[in-house]
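**Q** Residues 1 to 342 in UniProt numbering are what the sequence shown lists, from first letter to last.
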Amino acid sequence: MSTDTDADADESTSKCGASSSSNSSTDSSSSKCGGSSSTDDSSSKCGGSSSSSSSSSSKCGASSSDSDDESNEQEVGATIEDFDAEPGQLIAVGLGPGHPEGMTERAKTALLEAEHIVGYTTYIDLIPDEITEQADDIYDTPMCGEVSRTEESIDRTLAGNDVAIVGSGDPNVYALAGLALEILESKGATASMVDFEVVPGVPAAQSCGARLGAPLVNDTVSVSLSDHLVPMPEIESRLHSVASENFTITIYNPWSRKRRENFEKCCEILLTHRDEDTPVGIVHGAGREDEQVMITDLGELEDLGESEIIDMTTTIVVGTEDTYVWDDRMVTPRGYETKYDY
Numbered sequence: 001m002s003t004d005t006d007a008d009a010d011e012s013t014s015k016c017g018a019s020s021s022s023n024s025s026t027d028s029s030s031s032k033c034g035g036s037s038s039t040d041d042s043s044s045k046c047g048g049s050s051s052s053s054s055s056s057s058s059k060c061g062a063s064s065s066d067s068d069d070e071s072n073e074q075e076v077g078a079t080i081e082d083f084d085a086e087p088g089q090l091i092a093v094g095l096g097p098g099h100p101e102g103m104t105e106r107a108k109t110a111l112l113e114a115e116h117i118v119g120y121t122t123y124i125d126l127i128p129d130e131i132t133e134q135a136d137d138i139y140d141t142p143m144c145g146e147v148s149r150t151e152e153s154i155d156r157t158l159a160g161n162d163v164a165i166v167g168s169g170d171p172n173v174y175a176l177a178g179l180a181l182e183i184l185e186s187k188g189a190t191a192s193m194v195d196f197e198v199v200p201g202v203p204a205a206q207s208c209g210a211r212l213g214a215p216l217v218n219d220t221v222s223v224s225l226s227d228h229l230v231p232m233p234e235i236e237s238r239l240h241s242v243a244s245e246n247f248t249i250t251i252y253n254p255w256s257r258k259r260r261e262n263f264e265k266c267c268e269i270l271l272t273h274r275d276e277d278t279p280v281g282i283v284h285g286a287g288r289e290d291e292q293v294m295i296t297d298l299g300e301l302e303d304l305g306e307s308e309i310i311d312m313t314t315t316i317v318v319g320t321e322d323t324y325v326w327d328d329r330m331v332t333p334r335g336y337e338t339k340y341d342y
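1. In terms of alpha-carbon separation, which member of V93, H99 and T250 lies closest to T109?
2. Can you tell which of A159, I127 and A205 has its C-alpha closest to the C-alpha of G167?
3. Using C-beta distances below 6 Å, list every residue in its chain close to A135, excluding the 5 sequence neighbours before and after it, in chain order.
4. Helix, strand or coil for residue 378 per DSSP?
5. To the nearest angstrom, report how far apart L239 and D137 are at their CA atoms.
6. Return the residue from the list G299, S207 and T132 that minimises the CA-CA distance to C267.
7. What residues in its chain sit with their C-beta under 8 Å from that of T220, if we drop five residues either side in the sequence?
8. For Y324, which of helix, strand or coil comes out of DSSP?
9. In three-state terms, what does DSSP make of S207?
10. Measure from the alpha carbon of A159 to the alpha carbon of each residue in E146, M193 and P171, then state which is nearest.
11. From residue 349 to A164, what does the alpha carbon distance come to, in whole angstroms?
12. For P233, which residues from the same chain have a beta carbon less than 6 Å from its beta carbon, with the 5 sequence-adjacent residues on both sides left out?
13. Which residues does DSSP list as the beta-bridge partners of A214?
14. Measuring CA to CA, which of E105, V147, D140 and T157 is closest to D84?
15. Hey, could you find the ends of the beta strand (DSSP E) L111 is sitting in?
16. Let me check one thing: in DSSP terms, what residues is E197 bridge-paired to?
17. According to DSSP, is D69 helix, strand or coil?
18. Ignore the nearest five residues each way along the sequence and tell me which others in Y324's own chain have a CB closer than 7 Å to its CB.
19. Please go through the segment 109-168 and give each complete alpha helix (DSSP H) segment of 4 or more residues, from N-terminal end onward.
20. Counting along the chain, where does the alpha helix (DSSP H) carrying H240 start and finish?
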């Protein structure tokens with residue numbers, strides 16, 4: 001984190017015009033684009049606050065509260081006209097499933113070369129210390145700071161820094177690569193101006209599929225139960241459409257305190273299109289210390305919503321009408337058996 005402090009100043013201004021207020025008796029530190037590492041109430045116009053205070057919040061809606069409620073985030077602030085520096089490079093980096101061995105060499109190299117690393121606190125914690133320790137600055141926000149931290153990464157880039165914004169899995173799968181390009185456009189910048197690049201990572205569906213055997217070798221469709229951005233009626237419509245076809249279904253973000261009813265509705269929809277004995281794979285925290293793996297039947301899935309194995313770090317794989325379980329592994333036939341003798 002940034003270590004520059006100004007205990008006597010009531011307000012410090014960043015290169016991108018962001019300010020971080022502080023109580024006169026409390027030290028505060030701010031990044032070049034307004035990220036604060038103060039231990040008291042602080043906020044950044046360019047992004048979320050990395051304050052350790054439970055009452056800290058950003059003007060873009062990021063909060064260090066334990067609640068998983070989504071906050072409303074303000075509109076994008078600074079534009080390209082507010083920056084005088086030659087823009088740096090912005091790279092969206094996928095960390096993969098969550099352990100160092102699951103990161104690609106390209107991802108490790110990109111992070112080692114970045115001056116600033118920006119991301120959700122949980123994802124920042126997944127990065128090996130030898131990478132984070134060499135960065136000039138680390139900027140993280142708690143849950144629901146998607147817009148604030150993405151804008152922060154862009155503002156830091158426009159201020160002349162080489163920046164990596166990180167996420168688990170792949171930047172193009174329920175992640176922030178698209179949002180970064182949208183915000184760049186809204187600021188009047190271009191992807192080529194900041195040398196924008198995406199470094200792919202192993203998506204959760206693939207890392208979880210690998211732990212379950214071979215459930216994804218045929219047509220597969222992913223659905224997220226998070227209604228943060230997509231209304232639940234639209235998610236239900238997608239589920240009906242997908243479940244009515246013979247696809248393997250991977251379900252992201254299946255359960256939280258707010259999404260109990262989403263999960264229950266999902267199970268109900270699946271059972272209207274699939275048999276109760278359809279194999280279902282459940283992987284919690286793939287590649288992390290608390291990883292759990294289970295194979296069960298669709299008829300048993302809803303009851304597991306109350307168990308610790310299903311939460312927002314879980315991916316659920318619902319098999320097709322052809323999927324079966326053999327030797328504790330899910331197998332979805334590709335169709336070779338209809339063409340070849342083996």
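Each residue gets a CB set at the ideal place from its N, CA and C atoms; glycine is no exception.
**A** Reading it off the structure:
1. Here residue 109 refers to the residue found at position 109 when the sequence shown is read from its first residue. The shortest C-alpha separation from T109 is found at V93.
2. In the sequence shown, counting from the first residue as 1, residue 167 sits at position 167. For the residues A159, I127 and A205, the minimum Cα distance to G167 belongs to I127.
3. One-based indexing of the sequence shown puts residue 135 at position 135. Excluding residues within five positions, the ones whose Cβ falls inside 6 Å are I117.
4. With the chain represented from 1 up to 342, any question about residue 378 goes unanswered, as that position is not in the structure.
5. In the sequence shown, counting from the first residue as 1, residue 239 sits at position 239. In the sequence shown, counting from the first residue as 1, residue 137 sits at position 137. Answer to the nearest angstrom: the Cα atoms are 42 Å apart.
6. Numbered from its first residue, the sequence shown carries residue 267 at position 267. Cα-wise, what sits closest to C267 is G299.
7. Counting from one through the sequence shown, the residue named residue 220 turns up at place 220. Taken in chain order, the residues that qualify are A205, F247, T248, I249 and T250.
8. Residue mapping note: residue 324 aligns to position 324 of the sequence shown, counting from 1. DSSP places Y324 in strand when its eight states are reduced to three.
9. The count along the sequence shown starts at 1 and reaches residue 207 at position 207. Of the three classes helix, strand and coil, the one that applies to S207 here is helix, per DSSP.
10. Numbered from its first residue, the sequence shown carries residue 159 at position 159. Nearest of E146, M193 and P171 to A159, Cα basis: M193.
11. For residue 349 there is no data in the structure shown, the boundaries of the chain being 1 and 342.
12. Translated into the one-based positions of the sequence shown, residue 233 becomes position 233. For P233, where only same-chain residues beyond five positions count, there are no Cβ hits under 6 Å.
13. The residue you call residue 214 lines up with position 214 of the sequence shown. The partner list for A214 (beta bridge, DSSP) reads V331.
14. Residue 84 sits at position 84 when you count from the first residue of the sequence shown. It is T157 whose Cα lies nearest to the Cα of D84.
15. Taking the first residue of the sequence shown as position 1, residue 111 is located at position 111. Counting along the chain, L111 falls outside any beta strand (DSSP E), though it belongs to the alpha helix (DSSP H) covering E105 to E113.
16. For the purposes of this step, residue 197 is taken as the residue at position 197 of the sequence shown. In DSSP, E197 forms a bridge with I91.
17. As a working note, residue 69 is residue 69 in the sequence shown. Reliability of the predicted coordinates at D69 is poor, the pLDDT of 37 falling under 50, and the value obtained from them is presented with this limitation in mind. Three-state result, D69: coil.
18. As a working note, residue 324 is residue 324 in the sequence shown. Same-chain partners within the cutoff: P279 and V331.
19. 121-124, 129-132 and 146-158
20. As a first step, residue 240 must be located in the sequence shown, where it is residue number 240. Start and end: M232 to A243.
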